[in-house]
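> Residue numbers (this note's numbering), protein chains in the order written: chain A, 11 to 293; chain B, 212 to 580.
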């Protein structure tokens with residue numbers, strides 16, 4: 011930690027900001043989840059009824075678990091695909107590396123809504139994907155496999171979140187001193203052995219960050235499922251959103267939000283454990 | 212040392228290395244004999260690490276041949292060469308225990324676990340790290356990491372151990388300790404060591420033979436004693452220990468004695484007849500500070516072949532040695548450095564104002580300027 015952070019003013023700014031932007035809203039959320047609604051008025055007497063209702067609703071719980079599974083799948087796929095990409099970029103030098111990095115990061119600066127509309131036109135019944143598949147003779151009629159369902163949500167989120175998997179892995183790969191791979195080769199290790207015994211274990215922090223990042227971003231997203239999921243692509247995020255919008259039941263929505271926050275905190279804790287490299291610091 | 216008819220362990224012939232347009236190594240010829248402790252000595256940027264990396268297989272030679280037991284190994288990949296390296300910053304695997312680090316080379320070769328455990332334990336005992344086997348590198352001191360790196364390199368019983376300035380990061384006391392230790396280990400396991408350093412004192416302490424490098428070339432190879440007493444060039448004479456260098460021109464040569472015209476008059480100097488010095492050649496007459504005697508001015512003491520009168524300019528007590536400087540009357544700018552054991556006579560000399568520096572022609576050596 012840099013010495014600047016220990017100065018009282020800076021410390022106040024950092025913790026104050028964290029408190030004002032994260033802790034206070036979260037606490038107010040927590041409080042809201044314990045209220046209830048009667049008619050259109052929020053009743054501020056404390057109750058656990060919202061949580062009981064959520065737990066006893068089989069449809070809601072079904073969406074909850076399906077969403078967790080979906081996001082776990084997205085995290086796994088983006089990380090699995092992102093790792094070799096990061097490895098490839100880490101192995102490059104000079105202009106090619108810079109160019110590829112720019113290409114990879116470029117979609118992040120585009121408007122989210124624009125990207126989703128692009129996907130809708132690719133994935134739709136009459137979209138680019140279907141036309142390509144039909145043109146190649148793989149299918150005869152437009153397939154509905156990727157039209158307004160969870161498959162579409164999975165695909166779109168996986169593509170959109172890929173940079174968030176690649177970047178942390180790339181960072182952790184770059185932190186591994188090149189001398190370690192040389193030392194391993196000097197000791198007669200093959201390229202695969204070097205990867206298995208040196209590169210992979212030392213990039214664990216990056217893998218853990220990639221998994222948790224993509225999972226959390228996927229599970230918190232309700233716009234993408236709304237836009238490409240259609241009526242069949244219902245996710246937990248959309249349920250929460252509907253409680254604040256359509257249903258106008260803020261306390262119940264807050265309770266579901268607390269539930270989701272619990273999942274996120276659990277995932278972060280898991281990531282912390284997974285990302286720990288034995289032996290501590292690299293040096 | 213090898214018999215004359217056997218190929219040396221490793222041989223570099225006319226090896227060069229270029230990066231783009233930069234030539235970092237020129238036409239290097241070097242043999243590494245089986246069982247020796249060879250030190251490559253040179254200032255930073257002289258190409259000594261490049262030689263080590265070429266032999267180790269980390270980089271490919273741009274020209275020339277590298278041989279192992281007489282067979283060319285230029286294209287042999289790094290993981291198939293029977294050499295192991297001790298890296299400058301150790302390059303220990305941070306996520307593995309000392310035991311796993313040392314056993315790594317055996318494990319990747321697929322040896323059975325009991326054998327790995329036994330050989331690892333044996334080598335860890337050799338480097339006195341038996342009690343540290345379960346620690347991680349981050350939990351060790353610099354000297355201990357150094358020994359782990361050495362253990363990791365020798366456990367695979369390589370034909371040649373390459374050491375890339377392994378002691379550079381250690382403080383002075385630990386360095387000296389490690390030098391003695393390295394030499395001991397090398398004798399015990401009877402393995403050839405190729406050691407890179409920029410520290411000439413370290414080179415003298417460790418080496419059976421030293422190869423001196425300068426600007427991408429090996430300028431002289433020989434036993435430390437030879438390099439010290441009979442340097443082949445001005446560079447070696449200057450680089451290798453403190454020396455008095457008196458510039459002059461050859462006026463005549465008879466056998467191995469050259470007459471050199473200097474600012475101090477015509478002096479006699481020992482030289483290598485094979486160099487074929489002729490009159491007018493620009494040379495340096497060298498004489499080591501510890502070979503010079505200081506005599507009181509004017510006293511009828513038994514002078515050696517060469518005697519230079521002058522004034523004592525500076526003297527400094529440096530522990531066991533006292534360093535004195537004499538400005539010759541004939542050329543006061545040419546300060547002659549003299550080293551004496553710090554005894555009563557050195558103190559007496561230091562107290563004098565004028566004195567005579569005296570040396571024997573046998574202790575001088577002439578090199579081309």
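Every residue gets a Cβ at the ideal spot worked out from N, C-alpha and C, and that includes glycine.
Note down, in chain order, every chain A residue with its Cβ under 7 Å from the Cβ of residue 320 of chain B.
What you label residue 320 of chain B is simply residue 109 of the second chain in a count that begins at 1. Within 7 Å Cβ-Cβ: 198.
> What residue range does the alpha helix (DSSP H) around residue 394 of chain B cover?
Locating residue 394 of chain B in the second chain gives position 183, counting from the first residue. It spans 383-400 - the alpha helix (DSSP H) in which residue 394 of chain B sits, taken as one unbroken run.
> Leaving out five residues before and five after residue 218 of chain B in sequence, what residues of the same chain have Cβ atoms less than 6 Å from its Cβ?
Here residue 218 of chain B corresponds to residue number 7 of the second chain, with the count starting at 1. Contacts found: 280 and 281.
> If I follow the unbroken alpha helix (DSSP H) through residue 81 of chain A, where does it start and stop?
Within the first chain, numbered from 1, the residue matching residue 81 of chain A stands at position 71. Segment 68-100, the alpha helix (DSSP H) holding residue 81 of chain A.
> Terminal residues of the continuous alpha helix (DSSP H) containing residue 261 of chain B?
Residue mapping note: residue 261 of chain B aligns to position 50 of the second chain, counting from 1. That run of the alpha helix (DSSP H) goes 259-267.
> For a contact defined as C-beta to C-beta under 8 Å, what are the partners of residue 302 of chain B on chain A?
For this step, residue 302 of chain B is matched to residue 91 along the second chain. Within chain A, the residues near residue 302 of chain B are 187, 189, 190, 192 and 193.
> Under three-state DSSP, which class holds residue 563 of chain B?
On the second chain, residue 563 of chain B is found 352 positions in, with the first residue counted as 1. If DSSP states are grouped into helix, strand and coil, residue 563 of chain B belongs with coil.
> So that I know if they touch, is there some Cβ in chain B lying closer than 8 Å to that of residue 217 of chain A?
As a position in the first chain, residue 217 of chain A is number 207, starting the count at 1. Answer no: the Cβ-Cβ gap between residue 217 of chain A and chain B never drops below 8 Å.
> So, does the CB of residue 344 of chain B fall closer than 8 Å to a CB anywhere in chain A?
The residue you call residue 344 of chain B lines up with position 133 of the second chain. Chain A, which has no Cβ nearer than 8 Å to the Cβ of residue 344 of chain B, makes this no.
> Counting only C-beta atoms, is residue 323 of chain B closer than 8 Å to chain A at any point?
Working through the second chain from its first residue, we reach residue 323 of chain B at position 112. No, because no Cβ of chain A sits closer than 8 Å to the Cβ of residue 323 of chain B.
> My understanding is that residue 532 of chain B touches residue 556 of chain B, with C-beta atoms under 8 Å, so please give their C-beta distance in whole angstroms.
Position 321 of the second chain, counting from 1, holds the residue named residue 532 of chain B. Position 345 of the second chain, counting from 1, holds the residue named residue 556 of chain B. About 13 Å; that fails the 8 Å criterion.
> So what does DSSP say about residue 534 of chain B, is it helix, strand or coil?
Here the question's residue 534 of chain B lines up with position 323 in the second chain. Correct three-state label for residue 534 of chain B: strand.
> Got a sec: is the Cβ-Cβ distance from residue 349 of chain B to anything in chain A below 8 Å?
By one-based count along the second chain, residue 349 of chain B stands at place 138. With 8 Å as the cut-off, residue 349 of chain B counts as an interface residue toward chain A.
> Quick one: does residue 368 of chain A have its CB under 8 Å from some CB of chain B?
The first residue shown for chain A is 11 and the last is 293, placing residue 368 of chain A beyond what the model contains.
> Quick check: what's the CA-CA separation for residue 146 of chain A versus residue 118 of chain A?
Here the question's residue 146 of chain A lines up with position 136 in the first chain. Here the question's residue 118 of chain A lines up with position 108 in the first chain. Whole-angstrom Cα-Cα distance: 31 Å.
> With distances taken Cα to Cα, identify the nearest neighbour of residue 508 of chain B among B/520, B/247, B/415 and B/398.
On the second chain, position 297 is the one that residue 508 of chain B refers to. Comparing Cα-Cα distances from residue 508 of chain B to each of B/520, B/247, B/415 and B/398, the minimum goes to B/520.
> On a CA-only basis, which of B/333, B/266, B/568 and B/579 is nearest residue 396 of chain B? Give me that one, please.
Sequence index remark: in the second chain, residue 396 of chain B carries index 185 (1-based). Comparing Cα-Cα distances from residue 396 of chain B to each of B/333, B/266, B/568 and B/579, the minimum goes to B/333.
> Could you please give the first and the last residue of the uninterrupted alpha helix (DSSP H) stretch that includes residue 173 of chain A?
Numbered from 1 along the first chain, position 163 holds the residue referred to as residue 173 of chain A. Residue 173 of chain A -> alpha helix (DSSP H) spans 160-184.
> Could you tell me the boundaries of the beta strand (DSSP E) in which residue 424 of chain B lies?
For the purposes of this step, residue 424 of chain B is taken as residue 213 along the second chain, with counting starting at 1. Note, residue 424 of chain B: beta strand (DSSP E), 420-425.
> Check the Cβ of residue 208 of chain A against every Cβ in chain B and list those closer than 7 Å, keeping chain order.
As a first step, residue 208 of chain A must be located in the first chain, where it is residue number 198. Within 7 Å Cβ-Cβ: 304.
> Since residue 296 of chain B meets chain A, which of its residues come closer than 9 Å, beta carbon to beta carbon?
Here residue 296 of chain B is taken as the residue at index 85 of the second chain, counted from 1. Residues of chain A passing the Cβ test: 192, 193, 196 and 197.
> Can you tell me which of A/250, A/277 and A/269 puts its alpha carbon nearest to the alpha carbon of residue 62 of chain A?
In the first chain, the residue the question calls residue 62 of chain A occupies position 52. Checking every option, the nearest Cα to that of residue 62 of chain A belongs to A/269.
> When the Cα atoms are used, what is the spatial distance from residue 97 of chain A to residue 180 of chain A?
One-based indexing of the first chain puts residue 97 of chain A at position 87. One-based indexing of the first chain puts residue 180 of chain A at position 170. Computed Cα separation, rounded: 7 Å.
> Nearest chain A C-beta to residue 269 of chain B closer than 8 Å, yes or no?
Numbered from 1 along the second chain, position 58 holds the residue referred to as residue 269 of chain B. It does; some Cβ of chain A falls within 8 Å.
> What residues of chain A sit near residue 315 of chain B, judged by a beta carbon separation below 8 Å?
As a position in the second chain, residue 315 of chain B is number 104, starting the count at 1. Here the neighbours are 194, 197, 199 and 207.
> At which residues does the beta strand (DSSP E) containing residue 295 of chain B begin and terminate?
Mapped onto the second chain, residue 295 of chain B falls at position 84. Looking at the DSSP string, the run of the beta strand (DSSP E) that includes residue 295 of chain B is 294-297.
> Indicate whether at least one CB of chain B lies closer than 8 Å to the CB of residue 285 of chain A.
Numbered from 1 along the first chain, position 275 holds the residue referred to as residue 285 of chain A. So, not an interface residue.
> Mind listing the chain B neighbours of residue 290 of chain A? Cutoff is C-beta to C-beta under 7 Å, in chain order.
Locating residue 290 of chain A in the first chain gives position 280, counting from the first residue. Within 7 Å Cβ-Cβ: 347 and 349.
> For residue 88 of chain A versus residue 175 of chain A, is the C-beta spacing smaller than 8 Å?
Numbered from its first residue, the first chain carries residue 88 of chain A at position 78. Numbered from its first residue, the first chain carries residue 175 of chain A at position 165. Cβ distance < 8 Å, so residue 88 of chain A and residue 175 of chain A count as in contact.
> Within 8 Å of any Cβ in chain A, is that where the Cβ of residue 289 of chain B sits?
The residue labelled residue 289 of chain B in the question sits at position 78 within the second chain. Closer than 8 Å: yes.
> Would a check of beta-carbon distances place residue 253 of chain A closer than 8 Å to chain B?
Against the first chain, residue 253 of chain A aligns to sequence position 243. Closer than 8 Å: no.
> Note down, in chain order, every chain B residue with its Cβ under 9 Å from the Cβ of residue 236 of chain A.
For the purposes of this step, residue 236 of chain A is identified with residue 226 of the first chain, where counting begins at 1. Simply none; closest approach about 43 Å.
> Tell me, which residues are paired with residue 494 of chain B by DSSP?
In the second chain, counting from the first residue as 1, residue 494 of chain B sits at position 283. DSSP, once it has assigned bridges, lists B/459 and B/579 as partnering residue 494 of chain B.
> Take the Cβ of residue 576 of chain B as the centre, count every other Cβ of all protein chains shown within 10 Å, and call the residue buried at 16 or more, exposed below.
Numbered from its first residue, the second chain carries residue 576 of chain B at position 365. Buried is the call here.
> Spatial neighbours of residue 254 of chain B within its chain, please: C-beta separation below 7 Å, excluding the five flanking residues on both sides.
As a position in the second chain, residue 254 of chain B is number 43, starting the count at 1. Closer than 7 Å at Cβ, skipping near neighbours: 409.
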